[in-house]
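Student: Residue numbers (the numbering used here): 42 to 255. Here's a structure for you.
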């Protein structure tokens, strides 16, 4: 019964958040997040099990033509604001001395997964360099050489942007062989390949799992 109640609670919160995003109502979306916190959800629960699924649903609606690109951008903007607000509620661990470079593959305009990962790693004590959306392949080796990260993470949401991943990983390895390369994101769901297919050291499908494995 507890499991069923928890699942129903999650479905209700997701439905409420989707309603707020559809209405482009930022304050209403924040009310949903506050309700989740009052019900005992952690910040990571909200990031990975509320905001992320909501955005995936918005993306599917856009793919079906049910909403326009402007609607998708509004929803993404609201979710980014929610993430920044949630970041103020977390405790940062002691510095680990490790540095991570996080960005999206070239052509990838959806950066929220990368942003969530950057927040989580920072809270875990990493020094994080966040590159954002659509990072040109040629920029990766330059920044890796200059900033000397321990890990470089390339996230990809849209399958069309996967073709830039392999060349970027190769360029990173050529610039700094000791830098661990990690790829991940929604674009990899359903693929039978492994990290080695892209030349990377690790492939992880979502930001939550990736943060736990680094």
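Heads up, the beta-carbon is just placed ideally off N, CA and C, and yes, glycines get one too. Please read all numbers here as calculations on a predicted model, not as lab measurements.
Start and end of the beta strand (DSSP E) containing residue 215?
Tutor: Residue 215 -> not in any beta strand (DSSP E); alpha helix (DSSP H) instead, spanning 206–216.
Student: Below 8 Å, how does it come out for the segment 167–180 and the segment 222–229: are there three or more Cβ pairs, yes or no?
Tutor: These segments do not touch.
Student: What residue range does the beta strand (DSSP E) around residue 294 cover?
Tutor: The shown model of the chain, from 42 to 255, leaves out residue 294, and the question about it has no answer.
Student: If we count Cβ pairs, one from each stretch, closer than 8 Å, do we get three or more for the segment 117–125 versus the segment 60–73?
Tutor: As far as the Cβ criterion goes, the segment 117–125 touches the segment 60–73, which means the pair count is three or higher.
Student: Which residues share a DSSP beta bridge with residue 145?
Tutor: Note: residue 145 sits in a beta bridge opposite 196.
Student: Please identify the residue among 196, 75, 165, 217 whose C-alpha is closest to the C-alpha of residue 243.
Tutor: Answer by Cα proximity: 196.
Student: As a quick exercise: from 50, 77, 89, pick the residue whose alpha carbon is nearest that of residue 157.
Tutor: The candidate whose alpha carbon is nearest that of residue 157 is 89.
Student: Within a Cβ cutoff of 7 Å, which residues of the same chain sit near residue 44, ignoring the five residues on either side of it in sequence?
Tutor: Residue placement at residue 44 cannot be trusted, given a pLDDT of 47 that sits under 50; what the coordinates show is reported in the next sentence. Nothing meets the Cβ criterion.
Student: Use the C-beta contact count for residue 110: other C-beta atoms within 10 angstroms, 16 or more gives buried, fewer gives exposed.
Tutor: By the 10 Å Cβ count, residue 110 comes out exposed.
Student: Within this structure, are the beta carbons of residue 136 and residue 166 separated by less than 8 Å?
Tutor: Yes, the pair counts as a contact, with Cβ atoms nearer than the cut-off.
Student: Three or more C-beta pairs under 8 Å: does that hold for the segment 177–196 against the segment 131–148?
Tutor: Yes, the segment 177–196 touches the segment 131–148.
Student: Could you check the C-alpha separation between residue 91 and residue 212 for me, to the nearest Å?
Tutor: Straight-line Cα distance between these residues: approximately 35 Å.
Student: Please state whether the Cβ-Cβ distance between residue 164 and residue 131 is less than 8 Å.
Tutor: Going by C-beta atoms, residue 164 is nearer than 8 Å to residue 131.
Student: With burial defined as no fewer than 16 other Cβ atoms inside 10 Å of the residue's Cβ, what is the status of residue 201: buried or exposed?
Tutor: Exposed, by the Cβ-count rule.
Student: Would the beta-carbon of residue 257 fall within 8 Å of that of residue 96?
Tutor: Nothing can be reported for residue 257, as the shown portion of the chain is limited to 42 through 255.
Student: Helix, strand or coil for residue 100, going by three-state DSSP, please let me know.
Tutor: Reduced to three states, the DSSP call for residue 100 is helix.
Student: Below 8 Å on the Cβ atoms is my contact criterion, and I expect residue 249 with residue 98 to pass it. Report the Cβ-Cβ distance as a whole number of Å.
Tutor: The pair is not a contact, with the Cβ atoms about 17 Å apart (cut-off 8 Å).
Student: Take residue 198 and list the residues in its own chain whose beta-carbon comes closer than 7 Å to its own, dropping the five residues that flank it on each side.
Tutor: For residue 198, where only same-chain residues beyond five positions count, the Cβ hits under 7 Å are 149, 151, 154, 226, 227, 228.
Student: What is the DSSP secondary structure of residue 117, reduced to helix, strand or coil?
Tutor: Here residue 117 sits in helix by DSSP.
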